[in-house]
Amino acid sequence: MMKRLITILFFLFAWSYGGMAQTDTRSYTIQGKVLDVETKEPIPYASIKVRGTEKFTITNLEGDFLIEGLSTEKNTLIISCYGYCDTVCENYHQHGKTPHIYLTQEVLKLGTVTIQAQKEKEEGTKAISQVTLQKSEIRSNPTQSLAASIAQEQGVTLTSTGTNVQLPVIHGLYGNRILILNNGLKHGFQNWGTEHAPEIDISSANNITIVKGAAGVRFGPEALGGAIIVEPNPLHLSEPFFTEIGTGFQTNGRGINTSFETGKGTKKWSYFLNGNYTKIGDRHTPDYNLTNSGKEEKAIGLGTRYALKNWDFKVYYSYVNQNLALLRSSVAESLNTLVRAINSDEPTFLRPFSYTINEPNQVTEHHLGKAEINWLYSDDGKLTFRAGKQLNKRKEFDVRRNADRPIIDLDLITSDYQLEWKHPDWFKLDGLLGVQYFTQDNDNNPGTGTTAFIPNYNTYRTSAFLIESLRFGSNILEAGVRVDYERNNVRGRDTGQNIFRDEYSFANLTSSLGYVKEISENSTFRTNFGTAWRTPNMAELFSFGQHGSRTSYGLLRYYVNDEGEFRTNKVLKMQESTVEAERGYKFINEFETHQKKNTYTLTVYSHYIENYIFDRPMGVIGTIRGPMPAFVFDQADAVFVGSDFSWKRDWSNQLSGTFGFSYLWSKNIEDNEPLINQPPITLNYSLNWNQPKLWKFEASKLTIKPSYSVRQFLAPRTVSPEDSADESVDIGPGSEIFDFMSAPKGYFLLDVGWSFKYKTLSASITVKNVLNMRYRDYLNEMRYFADEPGRNMLFTLNYLFTAKN
0 MMKRLITILF FLFAWSYGGM AQTDTRSYTI QGKVLDVETK EPIPYASIKV RGTEKFTITN
60 LEGDFLIEGL STEKNTLIIS CYGYCDTVCE NYHQHGKTPH IYLTQEVLKL GTVTIQAQKE
120 KEEGTKAISQ VTLQKSEIRS NPTQSLAASI AQEQGVTLTS TGTNVQLPVI HGLYGNRILI
180 LNNGLKHGFQ NWGTEHAPEI DISSANNITI VKGAAGVRFG PEALGGAIIV EPNPLHLSEP
240 FFTEIGTGFQ TNGRGINTSF ETGKGTKKWS YFLNGNYTKI GDRHTPDYNL TNSGKEEKAI
300 GLGTRYALKN WDFKVYYSYV NQNLALLRSS VAESLNTLVR AINSDEPTFL RPFSYTINEP
360 NQVTEHHLGK AEINWLYSDD GKLTFRAGKQ LNKRKEFDVR RNADRPIIDL DLITSDYQLE
420 WKHPDWFKLD GLLGVQYFTQ DNDNNPGTGT TAFIPNYNTY RTSAFLIESL RFGSNILEAG
480 VRVDYERNNV RGRDTGQNIF RDEYSFANLT SSLGYVKEIS ENSTFRTNFG TAWRTPNMAE
540 LFSFGQHGSR TSYGLLRYYV NDEGEFRTNK VLKMQESTVE AERGYKFINE FETHQKKNTY
600 TLTVYSHYIE NYIFDRPMGV IGTIRGPMPA FVFDQADAVF VGSDFSWKRD WSNQLSGTFG
660 FSYLWSKNIE DNEPLINQPP ITLNYSLNWN QPKLWKFEAS KLTIKPSYSV RQFLAPRTVS
720 PEDSADESVD IGPGSEIFDF MSAPKGYFLL DVGWSFKYKT LSASITVKNV LNMRYRDYLN
780 EMRYFADEPG RNMLFTLNYL FTAKN
């Protein structure tokens, strides 16, 4: 990299009064934002010097700079940055304005220059703790799920139902308390329970951002616990034609993966096309096969962009098809079989390895189409219109007679229309205004031979929000407010097959207040207090009957009569019930500092949620399929308090290490009891050895990752299935919460990986669970029946072709 000087002339004009202009002793201020001309991303750590003075500063992570105490109106700024060619721009500085300075990347014929800029934070989230994973990190394991790809971040883990169905958890919250934003749209899928994972192909993601705070003002309901933002190919202009082909193999499950991506960008337009195919057979633990635990996934995506002087048009489409197997041993034919399965060290149903996916399994298809128009009418003013349509088709099959007929068959159509105005600076305020209209139409398809698990429904939501931020010196103050009105229409059948209908609505005001303090060039403190809300989803309200390995009853599908008996023979009306929307209040603080070779980050948070909805075990009941654990949804006020800590140390130019620690304490404060299925304490370390050149390899990286998960000592009491079935223990909807199995022991895992690059080829070898440890994960619902997968070796190979200009 060569350090180039880019000189930009700023002529500053100020008002003067009469003949005093020549003797003006006022001081002046220069501020601005440095951006990449193509990607429009901020350029951090660019040095800014005022020629002829000792005034000097560097841009922050958002590309902003501020120089105060200047004695003249007209100044020459010298901007030094790596990887950018010499450029001369004449800009006029105006007080109260933040001009954008665009730099052009330098192209060297003697080698490849890679410029990576910190992704600019979304408006309304600058004061919230967040982290972004880049494309290279995501693709290190192309067969993993979205949840698994981000689970190594502090404060983030996953909850699952087996090896394939995995949901992200942020600070103890999951499901539709975590908003998943896919290509700028709320990902429209059957987001209820732990049995449904988002149908997102991570191999096509350009980056993934995890927002670890209440982000309801920016993104709306369901961002109560945070947000996960998945962004595709950004469709860069002036990009040469490229094609990347990748393949991979993993030993556990004998899985294969192939992928490709191709694209090109000219001065006015660009396009990309990508695809992915993954097939994995039965996984295995250190001691036995996990029968029926494979998966098959197909995905394709494409996009195009056309840019004019002040206009930018983008169109995207993506398709994902999944067939996910669920562990066969989770199905029991009798009470004795269920008791034996839960109490046994090994599953009761074992078969040799197979790629065949049998019942129980889930088959899903997800279509996403999106169009976006941007009108850049000034340097700091932009109007964006975004429209998207999604179709989610889900079929679930179970072990039963006529197993080829799905037990659940749903079509979900999601429409999303957004209009956002990024307004010019106004009284030094930098802000965003937006309106949104969001609808969902969910229908049960006939032919299942069962009563629908959830009813047909329509959701209509209208929203408006305002976010403003004010920079003064080294401080940023950020505030926002959002109004949502949601209306729901529901149609279904009760136990007597009689049609029931209900219509209800919710309205809520969401707010956020944040503050960022740049204590020094090396230290930053951010704090945010946010409120958010969430309406109960349809499964929490109306679920009834068998789903996966359990039977569930929604809040409106059961009641306790005057004799204290549990009843399910009628459907309650929303207006006649005590059900309320969840309302959360999250206070999160983060301090980050760089000291020579060390970087420390400490996050401390507290989260109070009114009317928190959770599913509690109720006992074992008999069904047509056999005895099954029964769960009911309940509401109570809950509190979550925790902290995340990371310490990165650069031991040398090539060797660095990062230590991480996460702790969460949660409680049902209404009944003074622990909550079920909450993340335990985790500790991890990542040691990275980077070699710019090793043997014939241009670059290589060796990574060693030990981690330890502590036994969840805050788990509720244990009531075994046999005690529940024979009613030797008094349990019911209002009794103390319990679990069917004690929390598993803590466990230690060791992962090792090596990646390298040779010309246009890159490859990696990764070994997960090197020591082949036998363990069970507290957040995996299949822990009742089986261990986690054992050692897994993954091999990836990628070839990148880039045409010469």
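Using numbering that gives the first Met the number 0, the first residue of the sequence shown is number 0, and each one after it goes up by one.
Positions of the beta carbon are idealized from the N, C-alpha and C atoms, including for glycine.
Just so you know, these numbers come straight off a predicted model, no measurement behind them.
Asked                                                                                                                            : Found
Test item: CB-CB of residue 823 and residue 739 under 8 Å                                                                        : Lying before the first or after the last residue shown, residue 823 is absent from the chain, which here runs from 0 to 804.
Proximity below 8 Å, CB of residue 211 to CB of residue 129                                                                      : yes
The beta strand (DSSP E) enclosing residue 681, as first and last residue numbers                                                : 681-690
Contact belief for residue 326 with residue 785 at Cβ below 8 Å, rounded distance in angstroms                                   : 6 Å
Between the CA atoms of residue 192 and residue 361 - distance to the nearest angstrom                                           : 14 Å
Residue 590 beta carbon less than 8 Å from that of residue 524                                                                   : yes
CB contact below 8 Å: residue 200 versus chain C                                                                                 : Protein chain content of the structure displayed is limited to a single chain, and chain C is not contained in it.
Cβ-Cβ distance between residue 139 and residue 526 below 8 Å                                                                     : no
Residue of 168, 239, 217 minimising C-alpha distance to residue 799                                                              : 239
Residues near residue 443 by beta carbon distance below 7 Å, same chain, minus five either side                                  : 408, 409, 451, 455
Continuous alpha helix (DSSP H) stretch holding residue 215: start and end                                                       : 215-218
Uninterrupted beta strand (DSSP E) stretches inside the segment 184-243 (no shorter than 3 residues)                             : 206-210, 225-230
Span separating the alpha-carbon of residue 790 from that of residue 778                                                         : 20 Å
Pair within 8 Å by beta-carbon distance, residue 761 and residue 700                                                             : no
Contact under 8 Å by Cβ, residue 226 with residue 180                                                                            : yes
Euclidean distance between Cα positions of residue 600 and residue 378                                                           : 34 Å
Of the listed residues 254, 287, 265, 262, nearest to residue 278 (C-alpha basis)                                                : 254
First through last residue of the beta strand (DSSP E) which encompasses residue 460                                             : 455-471
Cβ distance (whole Å) where residue 185 is taken to contact residue 483 below 8 Å                                                : That belief does not hold up - the Cβ atoms of residue 185 and residue 483 are roughly 13 Å apart, past 8 Å.
Which of helix, strand or coil DSSP assigns to residue 153                                                                       : coil
Candidates 280, 263, 233, of which the one nearest residue 313 by Cα                                                             : 233
Beta-carbon proximity list for residue 745, same chain, < 7 Å, skipping 5 on both sides                                          : 707, 708, 709, 710
Beta-carbon contacts of residue 54 that lie in its chain and below 6 Å, excluding the five residues immediately before and after : 66
Proximity to residue 812 [Cα-Cα], best of 385, 381, 364                                                                          : The requested residue 812 does not occur in the structure, where the chain is confined to residues 0 to 804.
Three-pair Cβ contact test at 8 Å for the segment 576-586 versus the segment 599-619                                             : yes
At least 3 beta-carbon pairs within less than 8 Å: the segment 540-547 vs the segment 171-180                                    : no
Rounded straight-line distance, which links the Cα of residue 480 to that of residue 68                                          : 35 Å
Residue nearest to residue 316 in terms of C-alpha spacing, selected from 75, 662, 271                                           : 271
Reference residue 564, options 148, 730, 468, 357, closest by Cα                                                                 : 730
Residue 503 versus residue 577 - alpha carbon distance                                                                           : 13 Å
Where residue 574 falls: helix, strand or coil (DSSP)                                                                            : helix
Paired residues, beta bridge with residue 324 - DSSP                                                                             : 360
Run of the alpha helix (DSSP H) containing residue 569, from where it starts to where it stops                                   : Note, residue 569: premise wrong, no alpha helix (DSSP H); not H, not E.
Buried versus exposed, by CB contacts within 10 Å (16 or more), residue 63                                                       : buried
At least 3 beta-carbon pairs within less than 8 Å: the segment 344-353 vs the segment 279-298                                    : yes
Identity of the residues DSSP links to residue 730 by a beta bridge                                                              : None; residue 730 has no bridge partner.
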